[in-house]
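Heads up: take any position in the sequence shown, counting from 1, add 733, and you land on this note's numbering.
C-beta: ideal position from N, C-alpha, C; glycine also.
As structure tokens, the structure follows; a few thoughts come after it.
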Amino acid sequence: MRAIKMPATTGSADGGRFEGVTAVTRKVMQANKGKNTKPEMIVRRLLHGLGYRYRIHAAPLPGRPDIVFPGRRRILFVHGCFWHRHPGCRRAFMPKTRADFWAEKFQSNVNRDARNMRALEEAGWQVRVIWECETREPEALSRNLVEFLGPARSSAVASNV
């Protein structure tokens, strides 16, 4: 097995966000997507298979919700357990290095999520969070989604509209 040579740490050209972080770690962090993540795609495929139709990443709404059902006034956020701090989930661990940076980062994510959900609820939307770990049990997730969204419209009704 080859040893991996660790590159030098980055400078402050990035505004200090990655100060003290190796270039490899920086690249890994920057590769994390905000849209069309694997858990989000699992939920979207499941919803489509159940007969639901929706909008994605609705820009004018607070937090750009992942999945929006305008006619039902329902919104789904698909959150990663690590980044959004799923309470009690083993995937929501605290990194050992730079703990102060991560604590601040995670707290700002949680605060932003709460602020966005509150704004949406005040605007009359019903909001549900689907956690990344929930996507590993499709049957339970399907029941959860149908319970939240109500019955899907039949294709016969949709084609006559």
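Ordered along the chain, which non-local residues of its own chain (more than five positions away) have a Cβ less than 8 Å from that of residue i?
i	result
histidine 790	Lys768, Arg797, Pro798, Asp799
glutamate 773	Asp799, Ile800, Val811
alanine 873	Glu867
arginine 777	Tyr787, Ile789, Ile800
alanine 836	Met827
proline 871	Ile775, Leu779
Roughly how many whole angstroms lie between the Cα atoms of residue i and residue j?
i	j	result
methionine 827	valine 860	27 Å
valine 894	arginine 786	For valine 894, the predicted model reports a pLDDT of 43, less than 50, meaning its position is unreliable; a value from the coordinates is still stated below. One C-alpha to the other measures close to 14 Å.
valine 801	threonine 755	38 Å
serine 841	histidine 781	32 Å
serine 875	arginine 788	18 Å
phenylalanine 815	alanine 885	31 Å
alanine 856	arginine 805	13 Å
arginine 831	glycine 784	45 Å
valine 757	glycine 883	45 Å
leucine 809	threonine 770	14 Å
aspartate 833	tryptophan 858	35 Å
cysteine 822	isoleucine 863	13 Å
proline 820	lysine 829	18 Å
Identify, in the order they occur along the chain, each residue of the same chain with its Cβ nearer than 7 Å to the Cβ of residue i, setting aside the five sequence neighbours on each side.
i	result
isoleucine 775	Thr868
phenylalanine 881	Arg807, Arg861
For residue i, does the count of other Cβ atoms within 10 angstroms reach 16, so buried, or fall short, so exposed?
i	result
lysine 738	Caution applies to lysine 738, whose pLDDT of 45 falls short of 50 and renders its modelled position unreliable; the model cannot decide the point.
proline 803	exposed
leucine 878	buried
leucine 853	buried
Please go through the same chain and pick out, in chain order, the residues whose beta-carbon is closer than 6 Å to the beta-carbon of residue i, but skip the five residues on each side of it.
i	result
arginine 818	Ala825, Phe839, Val843
glutamate 865	Pro772, Gly813, Cys814
Cβ pair count under 8 Å reaching 3, the stretch 788 to 803 against the stretch 848 to 855: yes
What beta strand (DSSP E) runs, 3 residues minimum, are completely inside the stretch 792 to 840? 800 to 802, 807 to 812
May I have a chain-ordered list of the alpha helix (DSSP H) segments no shorter than 4 residues that lie completely inside the stretch 850 to 891? 871 to 882
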